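Remarks on the structure that follows.
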Amino acid sequence: MEWSGAVTALLVVYVSCLLLISAKRKLSQKGRLPPGPTPLPLIGNFLQIKSTKTLQSLLKLRDEYGSVFTVYFGTRPILVLCGHQAVKEALIDKAEEFSGRSTLPTLERNFQGHGVVFANGERWKQMRRFSLTVLRNFGMGKKSIEERIKEEAQFLLEEFQKMKEKPFEPTYFLSRAVSNIICSIVFGDRFDYEDKEFQALMEMMNNSFREMSTGWAQFYDIYVDFLKYFPGPHTKIYNILEDMRVFIAKRVKKNQETFDPNFPRDFIDCFLIQMEKEKGNPTTEFNVKNLELNTLNLFFAGTETVSSTLRYGFLLLMKYPEVQAKMHEEIDRVIGHNRVPNIEDRSQMPYTDAVIHEVQRFSDLLPMDLAHRVIRDTEFRGYLLPKGMEVYPLLTTVLHDPTMFKSPNTFNPENFLDEDGRFKKNDAFVPFSSGKRMCLGEALARMELFLFFTTTLQSFQLKSLVLPEDIDLTPQESGFANIPPFYQLSIIPR
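First residue of the sequence shown? That's 1 in UniProt numbering, and the numbers climb one at a time after it.
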């Protein structure tokens, strides 16, 4: 037994060394990578990266290796970019080269490279172009997107009024309101907040976003090459997303049964029209699978990001009541109380605009962005990155870059105001990422945030159950996303 064990151990060491030598030879042939910690065979930089604290580990390595470095997730080399300048040089100055999308292992089994967020190549270009066109021209002869948001904001106010100043947790109110905007776009209509099917969809959405940010999800994303063969918590998110896809598939089938190409009602109808136009094309990307997963992408990206930002915003406005008071003053002066807010008001409300930008910057919702890939061998800062190399632009290091913000680590709306109190743009404001993979729903999200914040504060004061200094901003989960903590608040009529 002892002899057998020794032989096995020697074989493991021998094979590991061969793999390491092979990996190094491949990289020396294909590229010159930025420096970083020395990886071990098979496990890469396991010793340097705490698998449940990926971001914190990468930030620690930045202190040693600078703004551009290489780490190994198992056997996969990863380029890490930190700070405004490095991220700009990659995603803006070399936008085409860095336009590839890497997989997110926790979601790959569901999407398999389909849908606008995870697609690449011609599929991605067609899905993005189509989605942008539909969102830009949306209205279908009925309501504009702004009108839909304003209408939903009034439904949200009605729900707040029903609380009669009683304390409540705002997560599901805000998730339902934001999700209804996406529902009106993709399904042609909104859901009642008490609709059981809608509530089930919202619960799936909240749970999936939270599951993606757990310590286990971070561990799985790093060591997927080994863990994918074993059962574990990573199967939970697959089941949640599959249930959501089935929900969408039923809606697609319902649309197909009542479809009139002359009168498109929603995003699904527009996609069905394009499918009909290209049904003779054997290489078309307009098929049912892309329709279902593109719609799921829109739901996923368009609901949790905006609703989580609103939740963080409400919490920050209670922690900093002086900021809330200034927003009330500007709303009263510019809009008053005899009409609802319009998106045109934003240009006359620099302080409110600055606060909303600062909420997005400070809440830092997607600190590591979705991973990119270089689509060809690429020269970058004197290094040669091989085609297909994964890239992690750490957006948190851009949003907190001390060279770009005067108060990078504190909540301060003056980060977006000039000396005269006018709104000031900042190139390091990248909550939607940047470059060719920038979130296609940015304009929609900005409109939602402005109208939901101003409509709520026009009628209500947000009041915490604890003293402002006792409000804890620590995320309940911090991984793929920073998930805001649960909290109670009261809504007081003004």
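Just so it is clear, CB atoms sit at the ideal spot from N, CA and C, and this is done for glycine as well. Everything numeric in this text was worked out from a predicted model, so none of it was measured.
Check, Outcome
"Hey, which unbroken runs of the beta strand (DSSP E) at 3 residues or more fall wholly within the region 81–120?", "none"
"Compute the distance between the beta-carbons of Asn297 and Gly115, then report whether it is under 7 angstroms.", "yes"
"With contact counted as at least three CB pairs below 8 angstroms, one residue from each stretch, are the region 249–267 and the region 214–228 in contact?", "no"
"Could you pull the start and end residues of the alpha helix (DSSP H) that Ala175 belongs to?", "The residue asked about is misnamed: residue 175 is Ser in this sequence, not Ala. Thr171 to Val186 is the span of the alpha helix (DSSP H), which, as asked, contains Ser175."
"Between which residues of its own chain and Gln112 is the CB-CB distance below 6 angstroms, once the five residues before and five after are set aside?", "none"
"How about Arg109 and Tyr238: do their beta carbons lie closer than 7 angstroms?", "yes"
"Who are the near neighbours of residue 498 in its chain, counting only those whose CB is closer than 7 angstroms to its CB and skipping five residues on each side?", "Residue 498 cannot be examined here, being either before or after the span of the chain that is shown, 1 to 494."
"Since Gln461 sits in a beta bridge, which residues does DSSP pair it with?", "Ile492"
"Thinking just about the alpha-carbon of each residue, which of Gln324, Arg381 and Gly302 is nearest to the one in Ala354?", "Gln324"
"Taking all protein chains shown into account, do 16 or more other C-beta atoms lie within 10 angstroms of the C-beta of Gly121, making it buried, or fewer, making it exposed?", "exposed"
"Quick one, are the C-beta atoms of Ala428 and Val391 less than 7 angstroms apart?", "no"
"Relative to the alpha-carbon of Gly36, which residue among Leu58, Lys50, Lys277 and Ser51 has its alpha-carbon at the smallest distance?", "Leu58"
"Rounded to a whole number of angstroms, what is the C-alpha to C-alpha distance between Ile331 and Gln458?", "6 angstroms"
"Determine, for Asn426, whether the minimum Cβ-Cβ distance to residues of chain C falls below 7 angstroms.", "Of the chains in the structure shown, none is chain C; there is only one protein chain."
"Cα separation between Gln488 and Arg76?", "43 angstroms"
"For Phe362, list the residues DSSP reports as bridge partners.", "Paired residues: none, contrary to the question."
"Are the region 438–454 and the region 307–325 in contact at 8 angstroms, needing three or more beta carbon pairs?", "yes"
"Between Asn207 and the rest of its own chain, which residues show a CB-CB distance below 6 angstroms, the 5 nearest in sequence each way excluded?", "Ile240"
"Give the single residue among Glu203, Glu96, Gly66 and Leu40 whose Cα lies nearest to the Cα of Arg376.", "Glu96"
"Give the DSSP bridge partners of Tyr220, in chain order.", "Answer is none; Tyr220 lacks a bridge partner."
"For Leu174 versus Ser307, is the C-beta spacing smaller than 7 angstroms?", "yes"
"How would you write the range of the beta strand (DSSP E) that Leu385 sits in, first residue to last?", "Tyr383 to Leu385"
"Does DSSP put Glu477 in a helix, a strand or coil?", "strand"
"Could you pull the start and end residues of the beta strand (DSSP E) that Val340 belongs to?", "Premise fails: Val340 is in no beta strand (DSSP E) and is neither H nor E."
"Expressed to the nearest angstrom, what Euclidean distance is found between the alpha-carbon atoms of Val359 and Thr454?", "14 angstroms"
"Just reading off the beta strand (DSSP E) that Leu293 is part of, what are its end residues?", "Careful: Leu293 lies outside any beta strand (DSSP E), inside the alpha helix (DSSP H) at Val288 to Lys319."
"Take Leu395 as the anchor and find which of Arg361, Lys289, Ile471 and Phe209 has the nearest alpha-carbon.", "Arg361"
"Check whether the Cβ atoms of Phe160 and Ile491 sit closer than 7 angstroms, and answer yes or no.", "yes"
"Between Thr52 and Leu40, what straight-line distance do the alpha-carbon atoms span, to the nearest angstrom?", "19 angstroms"
"With a threshold of 6 angstroms (Cβ to nearest heavy atom), would Glu89 be considered close to the ligand MG?", "Of ligands this structure carries none, so the ligand MG is not represented either."
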